[in-house]
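One structure below.
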Amino acid sequence: MSKTIKPETVAAANGIASDNNFGAVTPPIYLSSTFAFAGFERGGPHEYTRTSNPTRDMLAQTLARLEGGAGAVIVSSGMAAVDLVLAQVGRDELIVAPHDCYGGTQRLLASRHERGHFKLIFIDQSDPAALASALKQSPRLVLLETPSNPLMRIVDIKAIAAQAKAAGAQTAVDNTFLSPALQRPIELGADYVIHSTTKYLNGHSDVVGGAVIAASQADADALAHWANVTGTIGATFDSYLTLRGLRTLFPRIERQQANAQAVANFLAQHPHVSVVHYPGLLSHPGHALAKAQQTGFGAMLSFELAGGVDAVRIFVEAVKVFTLAESLGGVESLIAHPATMTHASMTPQARRAAGITDGLLRLSVGLEAESDLIEGLQAGFAALPSAHG
Ligand SMILES: *Cc1c(COP(=O)(O)O)cnc(C)c1O
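Written out as structure tokens, the structure is:
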């Protein structure tokens, strides 16, 4: 395929009809753990699946093209993807991370820091003074998550990556919430893009996986080396399924974000709701920035019930269509309570500092009919005691 090929085409068609043996249109799956040598000291392109595998490499190459990177490494989960980037940082080097990142990322950073694997500070990255003072300490890595989970805060990737670079630091962006269909951090100056492929890339809630895409070939090689050394690589079958899911990434996310905008509009005018966090709403503090650096507002949102945790308990039992479950990015709609589910691993103080209240609910909006989604939420609201009563 030519260099000017559109990302939609890469997602749908990268590697299609490339099988030289039988002309298979869909790239075959190679489950073999090992590959025959042609002879003494004559290994082929693949020797052992921990190191490389044609199916996993096809997924990696497709993701690298979609994110505009030099290469990608497929690992066993989103956390393994974050950890692969952290492993590039030395014992005396500093990582600057957002105080409101995904709970699992926060826990991983804190746990490795506790064991002396690197230096670490959490800051509010939307606060220019906090960022400037962190960059004065000459960090090795600045980690970004935008939109953030679960409050959908937006930070300026281009501005922060440029400042980080000037300070001698690399920038890694967790792009899980949008996917390359809606945001391409490498084009904005990032050195690494991190994905939980569990979410939008696979999109069908039947694989746990992760990926790191590197802007430079040297970094891509270093990541591949480390994934082989530690053995955190993604399984071949999972890679096959993820590539299968990726084929429909663009139409899925476009439809899902249209549904999310409708759901956000509905929630924003509801008397039981005190605030809606969705970058597609004009009232969202990151609306203009999201509009500038993203090509869509995505299909994730969160909102606060006026009645706090008591209202949450009633609402999640009564809501229809939305399933009470962790995770996101699948074709089905999910509802989660961050304080007791996705972000339960954070201390109450860390949650409070990040603005995650007990009345907050997060929605991953799927592909169901818009009217059914609204009616499903209405069933939850109908069970609550009257807002004015
Ligand atoms: C889910 C998630 C992760 C972790 O991914 P797993 O595949 O669950 O290990 C990391 N970052 C973000 C933003 C996520 O939503």
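Following this note's numbering, the residues of the sequence shown are numbered contiguously, the last one being 389.
C-beta: ideal position from N, C-alpha, C; glycine also.
Just so it is clear, the structure is predicted and the values come from calculations on it, not from any experiment.
Strictly by DSSP, which residues pair up with residue i?
i: residue 74; result: 211
i: residue 373; result: Residue 373 is not bridged to any residue.
i: residue 39; result: 42
i: residue 195; result: 211
i: residue 98; result: 123
i: residue 362; result: 302, 336
i: residue 144; result: 173
i: residue 230; result: DSSP lists no partner for residue 230.
i: residue 34; result: 48
i: residue 324; result: 335
What do you get for residue i, buried or exposed, if any count of 16 or more other CB atoms within 10 angstroms of its CB means buried?
i: residue 53; result: buried
i: residue 217; result: exposed
i: residue 191; result: buried
i: residue 170; result: buried
i: residue 88; result: buried
i: residue 31; result: exposed
i: residue 388; result: Because residue 388 sits at a pLDDT of 47, beneath the cut-off of 50, its placement in the model cannot be relied upon, and the following sentence gives the value as read from the coordinates. Exposed, because fewer than 16 other Cβ atoms sit within 10 Å of the Cβ of residue 388.
i: residue 196; result: buried
So the candidates are the options; which of them puts its Cα closest to the Cα of residue i?
i: residue 209; options: 216, 234, 200; result: 234
i: residue 206; options: 327, 371, 357; result: 327
i: residue 308; options: 322, 358, 317, 288; result: 358
i: residue 37; options: 70, 47, 30, 31; result: 47
i: residue 203; options: 186, 249, 318, 221; result: 249
i: residue 291; options: 279, 161, 299; result: 279
i: residue 361; options: 338, 370, 376; result: 338
i: residue 108; options: 370, 8, 84; result: 84
Verify whether the separation of the beta carbon atoms of residue i and residue j is less than 8 Å.
i: residue 94; j: residue 137; result: yes
i: residue 74; j: residue 211; result: yes
i: residue 302; j: residue 151; result: yes
i: residue 147; j: residue 125; result: no
i: residue 374; j: residue 266; result: yes
i: residue 223; j: residue 214; result: yes
i: residue 10; j: residue 62; result: yes
i: residue 366; j: residue 256; result: yes
i: residue 188; j: residue 157; result: yes
i: residue 100; j: residue 144; result: no
### Query
Any contact of the segment 61-75 with the segment 177-188, i.e. 3+ C-beta pairs under 8 Å?
With the cut-off at 8 Å, the segment 61-75 and the segment 177-188 touch.
### Query
Between the segment 271-289 and the segment 108-116, do at least 3 Cβ pairs fall closer than 8 Å?
Flag = no, the segment 271-289 and the segment 108-116 do not touch.
### Query
Are the segment 243-251 and the segment 350-358 in contact at 8 Å, needing three or more beta carbon pairs?
Taking 8 Å as the limit for Cβ pairs, the verdict is that the segment 350-358 does not touch the segment 243-251.
### Message
With a threshold of 8 Å, are at least 3 pairs of Cβ atoms found where one atom belongs to the segment 279-296 and the other to the segment 311-324?
### Response
They do not touch, by the three-pair rule.
#### Entry: Segment contact, 8 Å Cβ cut-off, at least three pairs: the segment 321-336 with the segment 76-91
As far as the Cβ criterion goes, the segment 321-336 does not touch the segment 76-91, which means the pair count is below three.
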